[in-house]
Amino acid sequence: YDKLMPEEKDAVITAVEKWKTAAGPQDIAISADGHYKDCLEKADVLLTTDELPDNPVKQFFIPMVPLAGTDGELILMRTIYRLLCRYGNKGGIAYA
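Residues in the sequence shown are numbered from 1015 upward in steps of one, following the working numbering.
Below is the structure:
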């Protein structure tokens, strides 16, 4: 599910690593090499721009261009919250 050019992938990974350093959540995994199955076993929610079939994690499918403004942020957070509150520990998908 890697649709980025090598230079784009490097830029995204650098930006995420910079955000992690500034924000503090160092335990967030970045899976850019296609070996993501081990991360899925530990995850509660997967934010993704691609549906991952046969995966045990609750997925939140977000568009490539996220919703704008405060309302867009509220919709994203509300959807994540609802995914976490769903019956059962794993599985399911929600769309933004």
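The beta-carbon is built from N, C-alpha and C at its ideal position, and this holds for glycine as well. Predicted model, so just to flag it, every value in this text is computed and none were measured.
Counting of Cβ neighbours within 10 angstroms places Q1040 among the exposed residues, the total staying below 16. By the criterion of a C-beta distance shorter than 8 Å, K1034 is surrounded in its chain by Q1040 and I1042, once the five residues flanking it on both sides are discounted. In the three-state DSSP reduction, T1063 falls in the coil class, being neither helix nor strand. It is roughly 24 Å from the alpha-carbon of L1098 to the alpha-carbon of H1049. With 16 or more neighbouring CB atoms inside 10 Å of its own CB, L1060 falls in the buried class.
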